[in-house]
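In our numbering, the protein residues as written are 3 to 266.
Each residue gets a CB set at the ideal place from its N, CA and C atoms; glycine is no exception.
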């Protein structure tokens, strides 16, 4: 899971950097422009502490320069370590959030700020809030496959722990087939998580409509079908779900193989 969290943070950088040259000119003619240029250069070279110094100066010189706030927030975000609870680490997160929120106050549909807020909340394990931000991001950009995919990741993350625990409480071994044996426990979990799991599968479908070879999304389709299977009411529907999961697992293998064969 940590690997996934880090990947989302780095994705924010990749999202910002291609537009660096264009964004830098966003403060053209402003007294913030020289500090903005130095800050972006430091950011591009991963000198995030130095970038913060220059970008804070840029914001102080021109508080309405959206580009400076976006890069300042991103520089803080890159210094945030998922899972670490030190005061300094939490300060980095709070500082990043302050800048992105300031942008969104003026520009509610700013895609960079929405992406960054969603990523930050995900990395901080504030998953319910992350869902809100990713849904806002989809409203702004319905073609954002990563947003749909991450919503599915969150659905799996929130349901997987309770379902795994329920299997243990039911006396089931890892190799035992489902569904969960205790009817009352299974019924409670169906009420809490079945709709969320289905929504995650729907989000996977939307991501694959955008990118039919999105193998990471296929991998989570496999995982979500396996969770759904544990909540079914009969052995027959359990087996149907497991067959779906196995089909997606094979699609992941086939898709990754096809991609590898196309590489020069």
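Host alpha helix (DSSP H) of residue 137 (start-end):
129–142
Quiz prompt | First through last residue of the alpha helix (DSSP H) which encompasses residue 230 | solution = 217–232
Is residue 91 near the ligand GDP - that is, is its Cβ less than 7 Å away from at least one heavy atom of it? What this structure holds is no ligand at all, so the ligand GDP is not there to describe.
* To do: Ignoring anything shorter than 4 residues or poking outside the stretch 44–110, list the alpha helix (DSSP H) runs there in chain order.
  => Taking 4 residues as the shortest admissible run, the stretch 44–110 contains the following complete alpha helix (DSSP H) segments, listed from N- to C-terminal end: 50–63, 68–80 and 89–108.
Limits of the alpha helix (DSSP H) - the one that residue 193 falls within: Per DSSP, residue 193 belongs to no alpha helix (DSSP H) and is neither H nor E.
| message | Alpha carbons only, please: which of 208, 215 and 223 is nearest the one belonging to residue 199? | response | 223
Q. Do residue 72 and residue 114 have their C-beta atoms within less than 8 Å of each other?
A. yes
Within 10 Å of its beta-carbon, does residue 56 have 16 or more other beta-carbons around it, so buried, or fewer, so exposed?
Residue 56 comes out buried.
Taking only the alpha-carbon atoms, compute the straight-line gap between residue 144 and residue 135 and give it to the nearest angstrom. 13 Å
Closest by C-alpha distance to residue 51, when choosing among 75, 33, 69 and 226: 75
Original post:
Which term fits residue 249, buried or exposed, when burial requires 16 or more other beta carbons within 10 angstroms of its beta carbon?
Top reply: exposed
Boundaries (first-last residue) of the alpha helix (DSSP H) holding residue 148 | 147–171
Query raised in the report: What residue range is occupied by the uninterrupted alpha helix (DSSP H) comprising residue 123?
Result: 113–125
*Whose C-beta lies closer than 6 Å to the C-beta of residue 180 among residues of the same chain, with five residues either side of it excluded?*
231, 232 and 240
C-alpha distance - residue 151 paired with residue 121, whole-angstrom precision: 13 Å
Would residue 212 and residue 147 qualify as a contact pair, given that the criterion is a beta-carbon distance under 8 Å? Closer than 8 Å, so yes.
Between which two residues does the alpha helix (DSSP H) carrying residue 263 extend? 237–264
Under a Cβ-count criterion, where at least 16 other Cβ atoms within 10 Å of its own Cβ denotes burial, should residue 173 be classed as buried or exposed?
exposed
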